Structure formats: C-alpha cells, structure tokens
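Residue numbers (my numbering): 2 to 452.
Where is the CB? At the ideal position from N, CA and C, for every residue including glycine.
Remember, predicted model here, so these are calculated numbers, not experimental data.
Let me begin by presenting the structure, written as structure tokens, before commenting on it.
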C-alpha cells in the first residue's frame, strides 16, 4: 500500500515527480493528442507508475496501478472532482451524472438507480431481444461488416428505443439524427458555435435534441401512469427519493444525453474486440457455444439463462480488461492528496489508466494474452486487488449502467454465436494490441457461409 500517513511536511512536491512538463507553451499537449495510447505506454515505460506532465496548461499527476485506482476512485474520491476531470464533455452532454460531485452526485444516482437495476432490467429484456433479432436479419453469408459501425448502430438503436421510449419510426429517426450530429462535435478542433463550423452544427443538433426530449417529457407526463413505465425516461420521471425529491426537467434532459452517450459506445467497442479475439481463439468460440447449448438448449432465452452463462461473463470481462471502453480517468484535485511520498496539491489533476493497469504482469499472468479463464475459480486474478479491473470504473462513480450493459452484450453475443466469421486485419498480424484505437475503426468481419 503506497498511500502515506506521515506528516504533510515530509512529502515531496508533486513537481519532483519523474516526468516532464514539456514545452513552455503547450506542455506535452501535442504529444498526448498525437497518439494518446502511445503517450501512456511511452511515459509508463520511461518513468514508471508515477509521472507528471502538463496538458492544456494544467499540471497532471499520472498514477498507474490498482493502489492508485483505489486512491482516486475510492479512498480520496471526496478530495477530487469528477466534473473537473470530464469538463470537456459538458458543452455537449450538459451536467449529467458523470459530471457531478459530492451530495449532488449521490442524490442523482439514488434517483436513477431503479431505472438501471432489478425489475427494470426484466422489463427491458424483451425489447432488446426484438431489436437484436431484427438487427441480425441483415447478417447474410458473404457479407462484410464494419464492426464498430455496425455495433454502434445496434447499441444506439437499443439506447434510443429503451431510454427514450420512442414510439414511431419517424420519432426514432429524428432522435437518432440529432444524437449522431451532436456527437460529431467531439471531433471539432474549432470550438466556435456558428452554423459554418462542425462544432456549431453539433451544438444546434444538441439544442434540437434537447427540445425533442422536452416534448417527450411533456407527452409522457400527460399520458400518466409513470410508475408502470417500461422505458428509462418514464422511470426517471417517476423517480422520487425518501425525502420526496425528484429530478427537474433540466436534470432529466442532461441525464438522458449522458446515458445515451455511454449506452451507444461501450458495448460496441467490447463486442467488436470480442469478435476479433474469438477468431484468434476458436476454442473459446466453441466453449461459448457449448455453454449456451447446455444452459439454454432449445428454450427461449431469458434473463435467468444470462445469469448462468458464466463462461460468457469471463469472456466479456477479458475484453473489458484488454480493451477497456474508458482507457483513462481524470479528476481535478480540490483538496491536497498524498501518494507514494508525494503531495499532489489542489489545482492539479490526477489521471489513472485502466489501459495500463489491466496489462500489469504482477496482477495478470501473461497480460497481453486473451485468457478468460483468469477470471474463473481458482485463479480469479482480478480479485488480487479490489481495484484491479476498472474498465467500468469503481467506487462512488462506478458505471451505473454496468448490469444493463452486461445484459445487452450477453443477448447480442447469444445471437452472434450462431455465425462463423473471419476478421480483418488478421489477428495474428496485429498482436499484441496495446493501442486499440489504431485498429478499432478498421475492424471488419466477413460472414462465412454455413460449412
């Protein structure tokens, strides 16, 4: 354990950490944004598990490993601000749960929790299955599929149908158009809100989507019976805590935007990489098929079956480990914290890395290898440390939709296993994949004819 308890005067200044603040103007911003994953790997290999940098004029302490994850996500979470860490998302996604801290975050999380757990998951199950069945109708033998594009489309469809409760094809198409146009603003380098810029067009789409959501909210309130809702929006409108508090309309709009964002991207990334790994490890494709046959057989798939598909759970954990949907997590320091002999003062930022933590050989045996059995008894390598696997976060800010995402991915994978496919680029030419973003968008699957 490297969290220190000695007097503050005995700690070194964070400025004494290994690393570099880079150039006088810009620090190491250019190096980070040229290739973010390479930046992390090179700095980790050069400086070790603790290093400093300066990004966009702000001082950063990069802390790598499960102890660092515990400090940032758990023990000293109240000394740190998630909002400051994700502030760059606020112009697009508003003040959603990801950008809240302290009591506000806790109160919002309590109100949102029922819509992502328990009976709500049961209510969502059939709708997800219907959407997934329709999606796979287009997967004909001989077809080549862009994996990230296809799975993002599927995840977006599930998110908009379930979260917003869109009732007609035209309503769904309108919401989807606004949402995708809004997301395009993340790529904008020029952050000027005028119609002639990519950012300006994305901001207009955001305003259009907000107006769409407000119309939906008004309509749902008028319909009544919110407690019986089978979609996320209705359940948020019905949510009341033990003190009679509820979410305001503005709160709900911001939460919907953030949940749509998380719901459309993370499952797509993990499923694409799982298809990649199952080509490289066909024995695991056979194991997953055999498990499905034993657990489900000829019965209609149900939620109880999903809980019994343990091998599938290990495989999903392994792609979370190798290809975490969130590769780094930043926090703004609002009260001094101490770590490994250093004092990191208020005003600095800390950054932890699931990408690097998940490849540490002291936690994971042969860490570049796809080996889902590492999560099965008796090995259970992720249990060596409570913060060893953090692809969906951990602690007070852990992903609220983790159970929903697991259910969605297991339903999709259950259908996917009916197919045979090959992958481009060929996995043997790409291993080990330590910079997933270099390959991610180019992953393609060729659907093979039945043998």
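Per DSSP, reduced to three states, the secondary structure at residue 173 is helical.
Under the three-state reduction of DSSP, residue 299 is assigned to coil, being neither helix nor strand. Between residue 48 and residue 20 the beta-carbon gap is near 5 Å, inside 8 Å, which marks them as a contact. Where residue 438 is concerned, the enclosing alpha helix (DSSP H) starts and stops at 438-441. The C-beta distance from residue 66 to residue 54 rounds to 17 Å, too long to meet the 8 Å contact threshold. Here residue 143 is exposed: its Cβ has fewer than 16 other Cβ atoms, across all protein chains shown, within 10 Å. Here residue 449 carries a coil assignment [DSSP, helix/strand/coil]. Distances from the CA of residue 393 to each of 428, 328, 437, 434 were compared; the closest alpha carbon is that of 328. Put simply, of 122, 155, 150 the residue whose alpha carbon is nearest the alpha carbon of residue 138 is 155. If you check the CB distance, residue 437 and residue 350 do not come in under 7 Å. Less than 7 Å divides the Cβ of residue 203 from the Cβ of residue 186.
Every unbroken stretch of the alpha helix (DSSP H) spanning 4 or more residues and falling wholly within the region 62-138 is given here in chain order: 67-71, 83-86, 91-94, 103-113, 120-137. Around the Cβ of residue 375, a 10 Å sphere holds 16 or more other Cβ atoms; the residue is buried.
Along the region 298-370, the alpha helix (DSSP H) occurs as fully enclosed runs of 4 or more residues at 304-309, 311-323, 355-358, listed in sequence order. In this structure the region 332-352 touches the region 69-89; the number of beta carbon pairs closer than 8 Å is three or more. Here residue 444 really is in contact with residue 148; their C-beta atoms are around 4 Å apart, less than 8 Å.
Residue environment analysis places residue 35 among the exposed positions, since fewer than 16 neighbouring C-beta atoms fall within 10 angstroms of its C-beta. The C-beta distance from residue 274 to residue 373 rounds to 13 Å, too long to meet the 8 Å contact threshold. Between the region 267-281 and the region 114-132 there are fewer than three C-beta pairs closer than 8 Å, too few to call the two in contact.
The same chain holds no residue with a CB closer than 7 Å to that of residue 314 once the five nearest residues on each side in sequence are set aside. In the three-state scheme derived from DSSP, where H, G and I count as helix and E and B as strand, residue 145 is classed as strand. Rounded to whole angstroms, the gap between the alpha carbons of residue 159 and residue 240 is 22 Å. Taking a 10 Å sphere around the C-beta of residue 395, we find 16 or more other C-beta atoms and assign the residue as buried. Bounds of the alpha helix (DSSP H) holding residue 405 are 403-417.
Residue 343 is not a Cβ neighbour of residue 46, given a cutoff of 7 Å. Using a Cβ distance threshold of 7 Å, residue 182 and residue 206 count as a contacting pair. Contact between residue 381 and residue 366 is ruled out by a C-beta separation of about 12 Å, above the 8 Å threshold.
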